[in-house]
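See structure below.
Protein chains: 4
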Amino acid sequence: MTYSVAVAGASGYAGGELLRLLADHPEFDIRTVTGHSNAGKPLIASQPHLRSLAHLTLQETTPEVLDGHDVVFFALPHGASGALTAQLKNVRLAIDCGADHRLTSEADWTAFYGGEFNEPWTYGVPELIVAGGEASALPARQREQLIGATRIAAPGCNASTVALSLAPGIAAGVIEATDIVTVLAVGPSGAGKAAHTHLLGAELMGTANPYAVGGTHRHIPEIQQALRGAGATEEPTLSFTPVLVPMSRGILATTTARIVPGTSAADVRAAWERAYADETFVHVLPEGFYPRTADTVGANTCLMGVAIDEAAGRVVIVAAVDNLAKGTAGAAIQSANIALGIPEATGLSVNGVAP
Amino acid sequence: MTYSVAVAGASGYAGGELLRLLADHPEFDIRTVTGHSNAGKPLIASQPHLRSLAHLTLQETTPEVLDGHDVVFFALPHGASGALTAQLKNVRLAIDCGADHRLTSEADWTAFYGGEFNEPWTYGVPELIVAGGEASALPARQREQLIGATRIAAPGCNASTVALSLAPGIAAGVIEATDIVTVLAVGPSGAGKAAHTHLLGAELMGTANPYAVGGTHRHIPEIQQALRGAGATEEPTLSFTPVLVPMSRGILATTTARIVPGTSAADVRAAWERAYADETFVHVLPEGFYPRTADTVGANTCLMGVAIDEAAGRVVIVAAVDNLAKGTAGAAIQSANIALGIPEATGLSVNGVAP
Amino acid sequence: MTYSVAVAGASGYAGGELLRLLADHPEFDIRTVTGHSNAGKPLIASQPHLRSLAHLTLQETTPEVLDGHDVVFFALPHGASGALTAQLKNVRLAIDCGADHRLTSEADWTAFYGGEFNEPWTYGVPELIVAGGEASALPARQREQLIGATRIAAPGCNASTVALSLAPGIAAGVIEATDIVTVLAVGPSGAGKAAHTHLLGAELMGTANPYAVGGTHRHIPEIQQALRGAGATEEPTLSFTPVLVPMSRGILATTTARIVPGTSAADVRAAWERAYADETFVHVLPEGFYPRTADTVGANTCLMGVAIDEAAGRVVIVAAVDNLAKGTAGAAIQSANIALGIPEATGLSVNGVAP
Amino acid sequence: MTYSVAVAGASGYAGGELLRLLADHPEFDIRTVTGHSNAGKPLIASQPHLRSLAHLTLQETTPEVLDGHDVVFFALPHGASGALTAQLKNVRLAIDCGADHRLTSEADWTAFYGGEFNEPWTYGVPELIVAGGEASALPARQREQLIGATRIAAPGCNASTVALSLAPGIAAGVIEATDIVTVLAVGPSGAGKAAHTHLLGAELMGTANPYAVGGTHRHIPEIQQALRGAGATEEPTLSFTPVLVPMSRGILATTTARIVPGTSAADVRAAWERAYADETFVHVLPEGFYPRTADTVGANTCLMGVAIDEAAGRVVIVAAVDNLAKGTAGAAIQSANIALGIPEATGLSVNGVAP
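Here the protein sequences line up with chains A, B, C and D, keeping their order. For the first sequence, the positions run 1 to 355 when UniProt numbering is used. For the second sequence, the positions run 1 to 355 when UniProt numbering is used. For the third sequence, the positions run 1 to 355 when UniProt numbering is used. For the fourth sequence, the positions run 1 to 355 when UniProt numbering is used.
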C-alpha cells in the first residue's frame with residue numbers, strides 16, 4: 001500500500017534529506033510539507049535540488065495541517081516537536097528527527113537540553129545491539145523494538161555513529177565502558193540552516209573548528225543511554241569532542257576504548273565482525289582498511305574500520321556516515337520501513353556518491 | 001650580520017614555506033636552492049607564490065652545492081638527509097626538517113622508520129618543557145639546548161603539536177602519561193608534494209580520510225620521547241589517529257589525558273597557563289575558548305584551548321598550528337634564530353592569515 | 001528484459017559513476033568490470049563507495065573479456081577505446097565515454113587530439129536540438145538519432161553543458177553563433193584519477209586554477225560541431241576557459257552570446273523556456289534564478305538560468321551539471337535507455353544530493 | 001615618523017585584513033579600532049587570528065572616536081561611511097574601503113547603489129593606467145594622483161582586478177572596449193561577515209554558486225569608469241558574472257575582449273608586458289602560464305596570464321588576487337604609503353601563502 005506522508009520542517013537540511021529519500025520511495029506519497037518563515041512559498045525555493053517536488057508548497061507547521069497523514073516526519077529544532085506531537089490524534093506513525101523524545105532520563109534531559117521533558121519514543125537505530133535477557137547466538141537488536149512502533153525517535157547523528165561504533169565491544173565484553181574517548185570530524189550541515197556568523201562559509205573553509213569541548217555536547221547522554229542498553233556493566237564515561245571541518249556533509253568518528261585486559265586481538269576484532277556480519281547498512285571493513293566519509297554521501301551506510309592498538313591497550317573504531325542520511329533521514333526512513341512492515345532497505349541506497 | 005643560506009628540497013611544501021619565511025627575514029640571505037627532478041629549472045616554476053625569489057634556479061642536491069653556506073636547511077623526504085648531512089664540512093648550522101635526526105632511540109627508529117640510524121640532533125621545539133635536575137619555579141625549556149647549537153632536528157608537525165599540548169600537564173604532575181588519546185584533523189600539505197592517487201584533490205575534497213590508524217604513525221615515538229623529556233614518570237602510551245580533512249594547511253590536535261586523581265580543575269588549568277604565559281608563539285586561550293586552524297595560517301603560532309571534563313576524568317587540549325609554519329619551517333627558523341643569537345621572533349609572524 | 005553489461009575502465013571516476021548508476025538500474029545486470037593496473041583486484045578497493053558491488057573483481061581490459069555482453073560501456077582515457085571497440089563482434093550496444101568517437105571532422109580530431117581518427121558514433125546528448133529539414137513547431141532532438149543506436153559516443157562533460165546552454169538560442173535564431181564566451185568552474189574529478197602533482201589536494205584546495213586557456217581545450221570543436229548541428233548559420237567561434245575550483249564534482253558553465261539585434265528580451269528568454277519545457281532532465285529556472293552545482297550532485301539534471309543583459313547586448317546562460325553524472329555516466333545511461341527502448345529516465349535521478 | 005591610525009569596522013573581514021597588515025607596518029601605530037554590535041568587546045574575540053593585537057578593545061564607530069588620528073581606514077558596509085567621513089575635521093588621510101566615494105557619476109551611483117551620493121575621492125589603484133594628455137613612452141598611472149592625497153577610495157576588489165586586466169590593452173589601443181566579458185571565481189569573504197543563509201558553509205562548500213548575473217553587479221560602473229580613464233574611445237560595455245566558489249579568499253577573474261582587427265599577437269601581448277614591467281605588485285606571467293589564487297593569498301600581488309585566442313579573435317586575461325589583500329586592504333595601505341610619502345611597498349608582501 002501507499003502511505004500518505006507529511007514532513008514538518010521541510011525547508012531545513014534534515015527535512016530536505018527526508019524529502020530527497022522519500023521522493024524515490026515507492027511506498028510513501030509526500031502529501032504535505034511545512035515550514036516556518038518560508039510557509040506559503042514553494043518548497044523548491046528552499047530546496048532547489050528537489051526538482052521532482054517542484055509542485056509542493058510549504059504550509060504552516062500546525063497540528064491541523066499534520067494530523068490525518070499516515071506518517072509524519074518531524075525535522076524541527078530541538079524542543080519544537082514535543083508540544084506539537086502531543087496534539088496529533090490521527091497519525092499512525094510519527095517520527096521525530098529532533099531530540100525531544102530520545103532520552104529516557106529526565107535528569108539527562110534537564111542537564112543537557114532543559115525545558116519540558118517529553119516521553120521517550122522508540123529509538124530509531126535498528127542495528128544497535130540491545131542486551132537480551134539471556135545469552136543467545138545472535139544479540140538482540142533495536143530493530144525488534146521498532147516492529148509495529150507508532151512513535152519513533154530518530155537518533156542524533158553523532159550519537160548513533162558512536163553508539164554503533166562501541167556497542168559490539170560492550171555487548172561482547174571485550175572493551176571497558178569507562179574512559180572512552182571520541183573525536184569527530186563533522187560537516188556543518190549537522191548544525192542546521194539557521195544563519196549564524198560562526199557557520200559562514202568564510203569561517204569554515206580551509207579550517208578545522210572545534211566546538212562543545214569538554215563534555216558539554218548534547219549527544220553524550222544519548223550515547224551513554226545506548227551503551228547501557230548494549231549491556232555496559234559500569235556507568236559509561238566518555239570524552240567527546242566534535243570538530244567542524246570543510247565538508248558539507250559527513251561524520252568521521254574516531255572512537256577509542258580500553259580493551260579488557262587479557263582479551264586477544266582476534267577476539268576484539270571478531271566482536272565487531274560478528275555484530276554486523278548480516279547487516280545491510282553497517283559494514284566492518286577488512287583489517288587494515290578505514291572508511292572515508294565520501295564513501296557514504298547520500299547513502300544509508302555506516303562504514304567502520306577497527307584497529308587494535310596493543311601498545312596503547314585500546315581499540316580504535318573509525319566510523320563514517322552521512323550525518324543527514326544514515327545519521328538522520330536515512331535512519332528515520334529505515335525505522336519507518338520496519339515499523340510499517342515494509343522491507344527495511346526500501347528507498348535507501350547502500351552506495352555513496354563519491355568522489 | 002647576514003648569514004648565507006641554502007635550502008635543500010626547495011621545490012616541496014616544506015622547502016617552499018622555509019623560503020617564504022626566509023625571504024622576509026632580515027638576517028638571512030638565500031643563496032642556493034636545490035631540488036631533485038626539478039634541478040635546472042627556475043624555483044618559481046615549482047613555487048609560483050614566491051614572487052620575490054623569481055631570480056633563483058634550482059640546483060642539484062649535492063654536498064658540494066650545499067657546503068660552505070653559513071646555514072643549510074634540509075627539507076628532504078625522510079631518510080634522504082642522513083647521508084648528505086654527514087658530508088658537510090663547512091656549515092655552521094644545519095637544520096633538518098626531515099625525521100632523520102629526531103629520535104634518540106635506535107630501536108624506535110628501526111621500528112617506525114627503518115634504514116640506517118643517524119645520530120640525534122638538538123630537537124627544535126624551543127617552548128617544549130624539559131625536566132630540570134631540581135625543582136625550580138620556572139621549568140627548563142628546550143630553548144636552552146638550542147643556544148649555540150650547530151645541528152638541529154626540526155620537529156614532526158604532529159609530534160610537536162601534541163608534545164606542546166601535553167608537556168605542561170606532565171611536567172606539573174597533573175596528568176597521567178599513560179593512556180593518552182589524540183586525534184588530529186590535518187591538511188594534506190603535510191603529506192608532501194609527491195603525486196599519489198590517494199592525495200588527489202578529488203579524493204580529499206568534501207571528505208574526511210583517516211590514515212595510519214592503530215598505532216603505526218611515525219610521530220608516536222617522537223611524542224613519547226618528548227614526554228619522557230618533560231618528566232613523565234611512567235612510560236608514555238598514546239593512541240594516535242590522524243584524519244585528512246579538506247584544508248591545504250593546518251593541524252587541529254584534540255588530545256586527552258587522564259587527570260591525576262585528586263587534582264583540582266584549577267590546578268590542571270594553571271599548569272598550562274603558567275607554562276606558556278611568557279611565550280611569544282604558544283598561547284593558551286581563555287577558559288571556554290578553543291582555537292581554529294585558520295587563525296594560525298602562515299604564522300608561527302600554536303594556539304591552545306584547555307578543557308577539564310570532570311565527568312570523563314580527562315583534560316582535553318585542543319591545539320591548532322599551521323603544519324608548514326609552526327609545525328615545520330617556522331620551528332626551524334625560530335630554532336635557527338636561537339642557535340645564532342638572533343632575536344627569537346625575527347622573521348616570524350604571530351598573526352595568522354584568516355579567514 | 002535484463003541486459004548483460006560490462007564496464008571497461010571501472011576503477012576510474014567515470015567508471016565508478018557508471019557503476020553507481022547501473023547498480024540501481026532495474027534493466028541492467030553488471031557482469032564484468034575491467035581495469036588496467038588494478039586488474040585482478042576487487043573493484044571495491046578502487047571504488048570503496050560501491051558497497052553493493054563488493055563481489056566484483058576487476059579483469060583485464062581486452063576484447064575477449066568485453067565481447068559477448070549486450071551492452072559495454074567504455075570509460076577509458078582518450079585514444080584508448082578506438083582500437084578496442086573496433087574488435088567487438090558481438091555487442092549489441094557500445095557506449096564510449098571517451099572522446100574517440102565524438103568528432104565528425106578528422107581535421108578537428110587531428111588538431112585537438114591527434115593520433116588515429118575513429119569513425120564518429122551517435123552523439124549521446126538526447127536533449128540537444130538538431131536542426132530539422134523544415135520548420136516545425138517542435139525542434140528535432142538528438143534523442144531521435146539515439147533510438148535503436150548500437151554505437152554511442154557519450155559527450156564531453158563541458159561540451160554538452162555548453163552545447164545545451166547555447167542550442168536553444170542558435171536554433172531559434174535569437175543569438176549569434178560567433179564571439180561566444182564561456183568560462184567554466186569545474187571540479188577535478190573531470191580530470192581523472194591519474195596521479196599528477198598539479199591535481200593534488202594541497203594544490204587545489206582553497207584556490208581557483210585555470211587551465212587550457214586561450215583556445216586549446218579539446219571540447220571546443222565538440223561544441224562547435226553541436227552548434228552547427230543546432231542550425232548555426234555562421235561558423236561558431238567561442239572563447240573557452242575552464243577553471244578548477246575546490247569541489248570534487250560539478251561544472252558551472254557561464255556562457256554568453258550576443259543577442260541578434262532587434263530581438264526582444266521576451267523572445268530571447270522564450271527560446272530557452274520553450275526548448276526545454278518538456279524535458280525531464282534539463283530545467284530552465286524562473287527568471288532571476290540561477291543554479292548551483294550542488295543541486296545537481298549525483299543527478300542526471302542540467303539546471304539553467306538565463307539572463308538578458310541589455311546593456312551588454314548579451315544573453316548569459318549559467319548552467320550547472322554534475323560532470324560525472326549528467327556530464328558523463330548519466331548521459332551514457334540515458335542514451336542507452338533510449339537506444340534499447342527502455343523508458344528514458346530509468347535508473348536516473350532528477351534530484352541532486354545537497355547540501 | 002609614525003602615524004597614528006584608526007580602523008573603523010575592525011570586526012569585519014576587510015577590517016581584519018587591514019589590521020593584519022598594519023600590525024607589521026613599521027610606520028603605522030594602531031591606536032583605535034571600532035565596531036558596531038561588538039563595541040566594548042576585545043578585538044580578538046572578533047579576530048582571533050590577530051594575536052599581536054590582543055590588547056585592543058573595539059570602540060563605537062563615531063566621528064569623535066575617529067577624529068584626530070593621522071590616518072583613518074573605513075571598512076564599513078556600503079553607504080555607511082559617507083555621512084561619517086563628512087564629519088572628520090582633523091584627519092590627515094582618510095581611506096574608505098567601502099564604495100561610497102568611488103564613483104564619479106551620480107547617475108551610476110543612483111542606478112547601482114542608491115541613497116545619497118558622496119563626492120568621489122582619489123581612486124586607490126596605483127598601477128592603473130590613466131590616459132595622459134599627450135603620447136609618452138610611459139603611460140601615466142593612478143599612482144601620480146595618489147601622491148599627497150588626503151582622501152582615498154580603495155577599490156572594489158572585483159573592479160580593480162578587472163580594470164587592471166583590461167587597462168593595458170585599452171591604453172595601447174589593441175583591444176576594443178565594447179563587448180568585454182568577464183567571469184570571476186570569488187571566495188565568500190568578499191561578501192562580508194554578516195550572517196546570511198545563502199553564505200553558510202553548508203551552502204557554499206562543494207559547489208559553485210553564481211550571483212548578480214545579467215549586469216546587476218555594483219562593480220560594473222566602477223570598471224567602466226576605470227576603462228574610460230585608461231583611454232577607452234568608446235563607451236565600455238561588459239558582461240560581468242561572479243561565481244562563489246569554495247575558497248575563503250581569492251578572485252580569479254577571466255576577462256576577454258575583442259582584439260582590434262589587424263593587431264598582431266605580439267603587439268597584444270606586448271601591451272600587457274610593457275604596462276606592468278616595472279610594477280612591484282602586478283606581474284604578467286610568461287607566455288603559457290596562468291595564475292592561481294593560492295599564489296596571492298595574503299599578498300598584495302596581482303598575477304596575470306595573457307592568452308591570444310586567434311580563432312576566437314579575443315585576448316583572454318586571467319588575473320588572480322587576494323580579494324582582502326590586494327583587492328581591498330593591501331590596495332588601501334599601498335595607496336596610503338604613496339599618499340604619505342612612505343616607500344610604496346612598505347608593510348606589504350609580494351609572496352603569497354601557498355599551498
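C-beta: ideal position from N, C-alpha, C; glycine also.
One or two residues paired with residue i in a DSSP bridge
| i | result |
| --- | --- |
| C:Ser4 | C:Asp29 |
| D:Ala319 | D:Ala253, D:Met304 |
| A:Arg141 | A:Ile129 |
| D:Val282 | D:Cys302 |
| C:Arg314 | C:Arg258, C:Asp309 |
| C:Pro242 | C:Leu184 |
| A:Ala153 | A:Asp96, A:Tyr123 |
| A:Asn337 | BP columns for A:Asn337 are empty, so no partner. |
Whether residue i touches residue j by CB criterion (7 angstroms)
| i | j | result |
| --- | --- | --- |
| A:Pro63 | A:Gln87 | yes |
| D:Val174 | D:Ala271 | yes |
| residue 398 of chain A | C:Arg20 | Because chain A in this structure spans residues 1 to 355, residue 398 of chain A falls outside the shown range and cannot be described. |
| residue 380 of chain A | A:Leu324 | Nothing in the structure corresponds to residue 380 of chain A, since chain A is present only between 1 and 355. |
| D:Ser349 | D:Ala299 | yes |
| A:His78 | A:Asn158 | no |
| B:Ala8 | B:Leu56 | no |
| C:Trp121 | C:Ala153 | yes |
| D:Cys97 | D:Thr328 | yes |
| A:Leu200 | D:Leu18 | no |
Per-residue contacts from residue i into chain C (C-beta, under 7 angstroms)
| i | result |
| --- | --- |
| B:Ser36 | A quick correction: the sequence has His, not Ser, at residue 36 of chain B. Within chain C, no residue comes near B:His36; the closest Cβ sits about 13 angstroms away, beyond 7 angstroms. |
| B:Ala195 | Ala195, His196, Thr197, Leu200 |
| A:Leu50 | Asn351 |
Contact set between residue i and chain B, taken where Cβ atoms lie within less than 7 angstroms
| i | result |
| --- | --- |
| A:Val243 | Ala185, Leu252, Thr254 |
| D:Val297 | Val353 |
Chain C residues whose Cβ lies nearer than 8 angstroms to that of residue i
| i | result |
| --- | --- |
| D:Thr237 | Ala311, Ala312, Gly313 |
Under 9 angstroms from the C-beta of residue i: neighbouring residues of chain B
| i | result |
| --- | --- |
| A:Tyr13 | Chain B residues near A:Tyr13: none, gap ~15 angstroms exceeds 9 angstroms. |
Contacts that residue i makes with chain A (C-beta to C-beta distance below 8 angstroms)
| i | result |
| --- | --- |
| D:Met205 | Gly187, Pro188, Gly201, Leu204, Met205, Pro246, Met247, Ser248 |
Neighbouring residues, chain D, relative to residue i (Cβ below 7 angstroms)
| i | result |
| --- | --- |
| C:Asn209 | Arg292 |
Where residue i meets chain D, residues with beta-carbon distance less than 8 angstroms
| i | result |
| --- | --- |
| C:Ala307 | Val213, Gly214, Gly215 |
Beta-carbon neighbours of residue i, restricted to chain A and to distances below 9 angstroms
| i | result |
| --- | --- |
| C:Arg31 | Simply none; closest approach about 18 angstroms. |
Per-residue contacts from residue i into chain A (C-beta, under 7 angstroms)
| i | result |
| --- | --- |
| B:Val316 | Val213, Gly214, Ser239, Thr241 |
Q) How about the region 305 to 315 of chain D and the region 228 to 247 of chain C: do they share at least three Cβ pairs that are nearer than 8 angstroms? A) Output reads yes: the region 228 to 247 of chain C touches the region 305 to 315 of chain D.
### Query
Counting pairs of Cβ atoms below 8 angstroms between the region 168 to 177 of chain B and the region 255 to 262 of chain B, do you hit three or more?
Yes: the two stretches touch, three or more of their Cβ pairs being nearer than 8 angstroms.
- Go through the UniProt domain "Semialdehyde dehydrogenase NAD-binding" (4 to 133) of chain A residue by residue and report every complete run of the beta strand (DSSP E) that reaches 3 residues or more, in order. Here the runs fully enclosed are 28 to 35, 58 to 60, 71 to 74, 93 to 96.
Does the structure place the region 292 to 300 of chain B close enough to the region 38 to 55 of chain D that three or more beta carbon pairs sit under 8 angstroms? Taking a contact to require three or more Cβ pairs closer than 8 angstroms, the region 38 to 55 of chain D and the region 292 to 300 of chain B qualify as touching.
Does the region 219 to 234 of chain A come into contact with the region 296 to 310 of chain A, if we say contact requires no fewer than three beta-carbon pairs (one atom in each stretch) closer than 8 angstroms? Between the region 219 to 234 of chain A and the region 296 to 310 of chain A there are fewer than three C-beta pairs closer than 8 angstroms, too few to call the two in contact.
So, do the region 277 to 289 of chain B and the region 342 to 349 of chain B have three or more beta carbon pairs nearer to each other than 8 angstroms?
Yes: the two stretches touch, three or more of their Cβ pairs being nearer than 8 angstroms.
Practice prompt. For the region 140 to 159 of chain A and the region 138 to 149 of chain B, state whether three or more C-beta atom pairs, one from each stretch, are separated by less than 8 angstroms.
Written response: Because the criterion of three Cβ pairs below 8 angstroms is not met, the region 140 to 159 of chain A and the region 138 to 149 of chain B do not touch.
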